[in-house]
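Protein chains in written order, with our numbering: chain B, 16 to 329; chain V, 15 to 301.
Ideal Cβ positions, reconstructed from N, Cα and C, are used throughout, including at glycine.
Read the structure below first, then the notes.
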Amino acid sequence: MSAASDNTIIFDNVSKFYGEILGVNRVTLEIRSGITSLVGPNGAGKTTLMNLMCGLLRPTRGTVSVLGIPTDQPQLLFRKLGYCSQFDSFPRGLTGRELIVAFLKISGFTGKQANELAEKSLARVDLLAAADRKIGAYSKGMRQRVRLAQSIAHDPSVLILDEPLNGLDPMVRAETIALFKQLAADGLHLIISSHILHEVDMMSDRVVLLNNGYVVAEGGIQGVREEMDVEHPAQVLIRCDRPSFLASQIFQNADVVEARVHDDRKGLFVKIRNQDQFYLSLNKVVSEGEIEVESIAPVDDDLSAVYDYLIGAQ
Amino acid sequence: MSSTAETIQPQTPAMAESNLSLWLRQLRAIVALDLKKNFFGKRSLLVYLLALMPIALLTLVVLVNPLGGGHSDRLPTIFSVFYNSVILRTIVFFGCAWIFMNLFRGEIVDRSLHYYFLSSVRREILVTGKYLSGLLTSAILFTIVTVVCMLLVFFPNYFSSSMRFFFEGAGLGQMFWYVTITILACIGYGAFFLVVGLFVRNPIIPALVLYGWEWINFLLPPLLKKISVIHYLNSLVPVPISEGPFAVVAEPTRAWIAIPGLLIVTALVLVLAGTRIRRMEVRYGSD
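Given below as structure tokens:
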């Protein structure tokens, strides 16, 4: 096993079929530390990919390894990996603390260690006050948090979170995202699936876009966006006092594909191929002093736009 | 939510410690968690009702009409018949079916099996731990049922002769063998039903098939009789009973073969369960 594979999650040509139904197909991925988000519509294969990483599913073809550990060795794998699943269910009759302590003990921790670790993880998700209440009496947000606490209690190096922000109120969402960023800064691998694109955008170092069981794009959001420039030229909104005049000027630039005046007549949408060239020519126009530019902002370089271009149109 | 940089120090199970002590600790943890569910979970209600049935039945009979019709010497045979037909073949059988099938099937229905699968524990240890929890639960419950029923048959109407039977005669020895048979039944049936719960989505059908097979055992030729649990258990019964005019008579298997034989078959069945669970996936949607 190479040193590189000991620090990455590797999918090597992995396919998973449920009978004749495709889960994921021919996935080859290397996931390094930091926050990686899995993005895609329902049924795209996000949860399948996560379950394959945890050994809850076995690949039909190919192999998966997590930090060099094959996923069919739970006794080794789950010393390094924590999984906060989407299943909103719990063993019956347990309190939040009992749940965490019981499964830490099953993982081999002594009673003293398990109690200490449970206390720390419950504090981390701000659930100490409710720790000794039955989980059956928890709100949805509390259940989400106790699952999160359970998944981080053994201090894993890899944390997999399936829709971890579901059911959390805005304040707790922000705090949870801050916690994820902190964990990533500590060197953890965080793999997160989420439907909420602007939150993914905010916290992810890289994304894996999935659709119909296939990886359609992966990498940093900017990198993925730049790769799409030919098919989907970048779009910027230039706020200025004379948008029509600006349109007539910039159309002389061959890199401008399309220009459209904003509905409020105070801005211009421009689609461009070569951004560097475009901004040089725009500087020239502005420096002539015939228009006053208030702001220039990209409108489609975020994850939502990438998602729309790659998946939304399908 | 605390997002401070507080670091949880890794305290993974010491790598240097022997696997055996780690496995024993994990077994204890699994057994402790599952015993709580087996005894206090909502599914335990059915087992308690089942366990109470023979006790309630005997209590009613004893109150209405003394067993043995005034002849206390008939009581060992009466209990043997009752034990064989009601306790062993029905209560222990269906009780074990319910307890052991639910060890995994119940977790799948409750969608909580993944918590076990996401723990740092060998799946074979998980099977063993769950089996032991089922065995402890069933053995404790049905041993109590066996002892209470035996006392109910003997003592209410024949107190002094029963005292002599138990403390000067064969009574305690017979009780020991009935308890042994009950525990062996839990061991054998438990392993079977645990595996059925792992392999089959609807375990009721294989349970009924085995139930039928065990009931027609007395009609089977000697070789086929040996492919059953009841044959070995019947071989240990301290007071043999007639199986009727149509029974095919076969030599009982000696205790020194019956007991280790049953244990070896149980071990093999558990190995099969271990093999199965290593390849098992968690897909609640399809279960």
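Any idea if Ser-310 of chain B is buried or exposed, counting beta-carbon neighbours within 10 angstroms, 16 or more meaning buried? Of the residues assessed, Ser-310 of chain B falls on the exposed side of the cut-off, its CB having fewer than 16 other CB atoms within 10 angstroms.
Do Phe-114 of chain V and Gly-211 of chain V have their CB atoms nearer than 8 Å? Taking 8 Å as the cut-off, the Cβ atoms of Phe-114 of chain V and Gly-211 of chain V count as close.
With 8 Å as the threshold, decide whether the Cβ of His-85 of chain V is near any Cβ in chain B. Taking CB atoms only, His-85 of chain V has no neighbour in chain B less than 8 Å away.
Contained beta strand (DSSP E) runs [length at least 3] in the region 232-268 of chain V, N- to C-terminal order: Taking only runs of at least 3 residues, no beta strand (DSSP E) segment lies wholly in the region 232-268 of chain V.
Three-state secondary structure (DSSP) at Lys-149 of chain B? Look at Lys-149 of chain B here: in three-state DSSP terms it is strand.
How long is the line joining the alpha carbons of Leu-96 of chain B and Val-61 of chain V, rounded to whole angstroms? The alpha-carbon atoms of Leu-96 of chain B and Val-61 of chain V are separated by roughly 38 Å.
Can you find a C-beta in chain V that's less than 8 Å from the C-beta of Ile-121 of chain B? Using a CB distance cut-off of 8 Å, Ile-121 of chain B counts as an interface residue toward chain V.
Using beta carbons (cut-off 8 Å, strictly below), is Pro-85 of chain B in contact with chain V? By this cut-off, Pro-85 of chain B is not an interface position.
Within chain B, the residues that Tyr-129 of chain V reaches when beta carbons sit closer than 7 Å: Those within 7 Å of Tyr-129 of chain V in chain B are Pro-106, Phe-118.
CB Cys-163 of chain V to CB Phe-108 of chain V, shorter than 8 Å? No; because the gap between Cβ atoms is not below 8 Å, this pair is not in contact.
Output the distance between the C-alpha atoms of Leu-225 of chain B and Gly-204 of chain V, rounded to the nearest integer angstrom. Using only the alpha carbons, I get a separation of about 45 Å.
I need the straight-line Cα distance from Ser-35 of chain V to Leu-250 of chain V, nearest angstrom please. If I take the Cα positions, the gap works out to 36 Å.
Minimum C-alpha distance to Val-296 of chain V - residue among B:Tyr-229, B:Cys-69, B:Asp-201: Of B:Tyr-229, B:Cys-69, B:Asp-201, the residue nearest in Cα terms is B:Cys-69.
Would you call the region 106-118 of chain B in contact with the region 41-56 of chain V, where contact means no fewer than 3 C-beta pairs closer than 8 Å? Yes, the region 106-118 of chain B touches the region 41-56 of chain V.
Ser-263 of chain B: first and last residue of the uninterrupted alpha helix (DSSP H) it sits in: Where Ser-263 of chain B is concerned, the enclosing alpha helix (DSSP H) starts and stops at 258-265.
Classify Ile-44 of chain V as buried or exposed, calling it buried when 16 or more other Cβ atoms lie within 10 Å of its own Cβ. Under this definition Ile-44 of chain V is a buried residue.
Quick one: what does DSSP say Val-283 of chain V is sitting in, helix, strand or coil? The three-state reading of DSSP puts Val-283 of chain V in helix, counting H, G and I together.
I need the DSSP call for Ala-274 of chain B, collapsed to helix, strand or coil. Under the three-state reduction of DSSP output, Ala-274 of chain B falls in the strand class.
With C-beta atoms as the reference, is Leu-142 of chain B less than 8 Å away from Ala-133 of chain B? Against a cut-off of 8 Å, the Cβ pair of Ala-133 of chain B and Leu-142 of chain B comes out as no contact.
Looking at the C-beta of Arg-73 of chain B, does it have a partner C-beta in chain V at a distance below 8 Å? For Arg-73 of chain B, the closest Cβ of chain V is nearer than 8 Å.
Close Cβ partners of Arg-221 of chain B (< 6 Å) along its chain, the five nearest in sequence each way excluded: Counting only residues of its own chain and dropping the five nearest sequence neighbours on each side, Arg-221 of chain B has a CB closer than 6 Å to the CB of Thr-51, Gly-234, Gly-235.
Would you please verify whether the beta carbon of Gln-90 of chain B is less than 8 Å from any beta carbon of chain V? Chain V, which has a Cβ nearer than 8 Å to the Cβ of Gln-90 of chain B, makes this yes.
With a threshold of 8 Å, are at least 3 pairs of Cβ atoms found where one atom belongs to the region 21-35 of chain B and the other to the region 61-77 of chain B? Below 8 Å, enough C-beta pairs join the region 21-35 of chain B and the region 61-77 of chain B to call them touching: three or more.
Is there contact here, the region 121-136 of chain V with the region 78-88 of chain V, by at least three beta-carbon pairs under 8 Å? No: the two stretches stay apart, fewer than three of their Cβ pairs being nearer than 8 Å.
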